[in-house]
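To start, the structure itself, in structure tokens.
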Amino acid sequence: MVPKLAVVFFLSLFCALLGPVVLPSMRLLAFAPFLVILYTRLTLIQCLYCAFGCGLLIDLLSSSMQLGTHALNYVLITLLLFRIRRFFFAHKPVALALFTALFSLLSCCMQLIIMAFYDQHIPFGLAGFLSDFVIMPIADGIYAFIGYTCPIYGYRWLRKFLKKIKIASYATK
51 MVPKLAVVFF LSLFCALLGP VVLPSMRLLA FAPFLVILYT RLTLIQCLYC AFGCGLLIDL
111 LSSSMQLGTH ALNYVLITLL LFRIRRFFFA HKPVALALFT ALFSLLSCCM QLIIMAFYDQ
171 HIPFGLAGFL SDFVIMPIAD GIYAFIGYTC PIYGYRWLRK FLKKIKIASY ATK
């Protein structure tokens with residue numbers, strides 16, 4: 051059972067819209083799991099278009115940076131990660147979470163580089179390093195596991211369970 055891309059997109063959009071309301075201090079990359087799932091299903095050009103669209107949506111929803119920074123970030127990360135996608139997807143439950151954490155880590159690095167081009171210097175210390183390069187990628191990986199992997203496996207288990215009940219009810223008749 052492979053989830054439909056439209057369902058995954060709208061789940062990501064829902065998280066992008068409600069994430070700042072529910073967790074205002076955490077800035078999760080809402081579209082990261084969606085983009086990571088796209089890497090296994092679409093061509094590079096299609097993934098680049100989707101990354102640009104998702105980044106543009108985030109740019110339109112946020113007011114903190116220049117328009118286009120997230121779109122550029124997502125496109126560049128897609129170019130970097132698309133080639134190594136086959137190493138992460140052995141159809142294991144943790145693969146999506148690990149690849150999303152890697153996406154988040156590279157996105158933080160890329161965002162710092164992009165911000166340097168706009169002359170937006172961020173004071174960088176140990177707390178900022180831990181927050182941006184350790185805690186946030188782990189939080190994004192947990193978000194991908196809880197928000198995407200667990201529901202998919204839960205749906206598979208429920209479907210298999212209901213199928214067994216249906217077969218058992220036919221056997222008793």
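Convert by adding 50 to the 1-based position in the sequence shown; the result is the number in this note's numbering.
Virtual Cβ for every residue (Gly too), placed ideally from N, Cα, C.
Since the model is a prediction, treat every value here as computed from it, not as a measurement.
Backbone secondary structure at F81 - three-state DSSP:
Translated into the one-based positions of the sequence shown, residue 81 becomes position 31. If DSSP states are grouped into helix, strand and coil, F81 belongs with coil.
Identify the continuous alpha helix (DSSP H) that holds H120 and give its terminal residues.
Reading the sequence shown from its first residue, position 70 is the one you call residue 120. Taken as a continuous stretch (DSSP letters only), the alpha helix (DSSP H) holding H120 covers T119 to L131.
Residue range of the alpha helix (DSSP H) that S154 falls in?
Sequence index remark: in the sequence shown, residue 154 carries index 104 (1-based). Segment A145 to F167, the alpha helix (DSSP H) holding S154.
Under the rule that 16 or more other beta-carbon atoms within 10 Å means buried, what is Q157, buried or exposed?
On the sequence shown, position 107 is the one that residue 157 refers to. Reading off the sequence, residue 157 comes out as Ser, not Gln. That one is buried.
For V120, does the count of other Cβ atoms within 10 angstroms reach 16, so buried, or fall short, so exposed?
Counting from one through the sequence shown, the residue named residue 120 turns up at place 70. Reading off the sequence shown, one finds His at residue 120, where the question assumed Val. Flag for H120 reads buried.
Need the endpoints of the alpha helix (DSSP H) that S62 sits in, please.
Here residue 62 is taken as the residue at index 12 of the sequence shown, counted from 1. Note, S62: alpha helix (DSSP H), L55 to V72.
For the alpha helix (DSSP H) holding Q170, just list the boundary residues, first then last.
The sequence position of residue 170 within the sequence shown is 120, counting from 1. Looking at the DSSP string, Q170 is not in any alpha helix (DSSP H), and its letter there is neither H nor E.
Restricting to Cα atoms, I'd like to know which of F174, I127 and A80 is closest to D190.
As a first step, residue 190 is located in the sequence shown; it is residue number 140 there, counting from the start. The shortest C-alpha separation from D190 is found at A80.
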